[in-house]
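Residue numbers (the working numbering): 897 to 1148.
In this text, a Cβ means the ideal position worked out from N, Cα and C, and glycines have one as well.
Source: prediction; values computed, not measured.
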Ligand SMILES: C[S@@+](CC[C@H](N)C(=O)[O-])C[C@H]1O[C@@H](n2cnc3c(N)ncnc32)[C@H](O)[C@@H]1O
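Here is the structure:
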């Protein structure tokens, strides 16, 4: 079996894009001597750990109940209903309670009717607060993409979510604003410089990017001072902390 097949043999990784897995693998190749079985095992472990960090770590224990919660929704703007769904994705769960404030704050600076959401996860389910906009999401997690599209299709919400790898994606729709919520550091960890490349490729007028100020699950605080590299890439219009996240509204 090829190394790529071996990494992807686990169910957790089957919905991933092969190019993406290959680019993660290429980061670690040089460290190991593949003639030794123990080294190969270590390599597989390290690659899977990295994949989990950037992609797989977001499923809450009741992730499988998302379909039932979707079934029970009383409309696209059913806030109580979508909160149940947002809670099964650890990344969007941390934002519950702040959606109203967050989107009001963004709208103070950006008047938007269309959104491009990179590494979107379940963020389309914040539409009851975001507003009914043309929404185009991109994510590498096939299960999540399919799930988000079920919601959008059921309520005839415009555009959709697409399965794609941000490290290689080229053809971004033009939109009033582009969200990059808690995704850039994961991408930089796989491919340094990917934020600058993304910023040069997107065609949106404004970017709203966010970064965690606490490790996933609220365990350890992480200082926002580490974000100087990002501040140097963009023109920051406003910056604000909501919960365990720091948000930047930027002009490209
Ligand atoms: C920390 S979560 C953030 C999700 C969402 N933006 C939010 O804040 O609720 C990171 C997301 O980026 C996606 N992702 C990671 N690497 C990606 C890549 N190379 N291309 C597209 N999506 C990616 C993951 O599948 C995951 O949904």
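Item	Value
Nearest to residue 1053 by CA position, among 910, 971, 1147, is which residue?	971
Would you say the beta carbon of residue 1040 is closer than 7 angstroms to some non-hydrogen atom of ligand 1?	yes
May I have a chain-ordered list of the alpha helix (DSSP H) segments no shorter than 4 residues that lie completely inside the segment 1071-1140?	1080-1086, 1090-1097, 1124-1127
Let me make sure I understand the geometry here. Which of 1061, 1142, 1027, 1075 has the alpha-carbon closest to that of residue 1107?	1142
What residue range does the alpha helix (DSSP H) around residue 999 cover?	995-1005
Assign residue 1153 to one of three DSSP states: helix, strand, or coil.	The requested residue 1153 is not part of the displayed model; the chain covers only 897 to 1148.
Pop quiz: residue 1144 and residue 1079 are said to be a contact at Cβ under 8 angstroms. What is the actual Cβ separation, rounded to whole angstroms?	So it is not a contact: roughly 13 angstroms between Cβ atoms.
Looking at residue 965: is its Cβ nearer than 8 angstroms to the Cβ of residue 985?	no
In whole angstroms, what is the alpha-carbon distance linking residue 942 and residue 898?	17 angstroms
Can you tell me whether residue 1045 sits near ligand 1, meaning its C-beta is under 7 angstroms from at least one heavy atom of the ligand?	no
Restricting to Cα atoms, I'd like to know which of 963, 1029, 1095, 951 is closest to residue 911.	951
Can you say whether residue 968 is buried or exposed, counting buried as having 16 or more other CB atoms within 10 angstroms of its CB?	exposed
Quick one: does the C-beta of residue 909 sit closer than 7 angstroms to a heavy atom of ligand 1?	no
CA-CA distance, residue 1029 and residue 1075?	13 angstroms
With burial defined as no fewer than 16 other Cβ atoms inside 10 Å of the residue's Cβ, what is the status of residue 1147: buried or exposed?	exposed
Quick check: the Cα distance between residue 1071 and residue 928, rounded to an integer number of angstroms?	44 angstroms
Note the first and the last residue of the continuous beta strand (DSSP E) segment covering residue 944.	From DSSP, residue 944 is part of no beta strand (DSSP E) but of the alpha helix (DSSP H) over 933-947.
Per DSSP, residue 1056 forms a beta bridge with which residues?	1032
Can you look up residue 906 in the DSSP assignment and give me helix, strand or coil?	coil
With a 10 Å radius around its C-beta and 16 neighbouring C-beta atoms as the bar for buried, classify residue 1017 as buried or exposed.	buried
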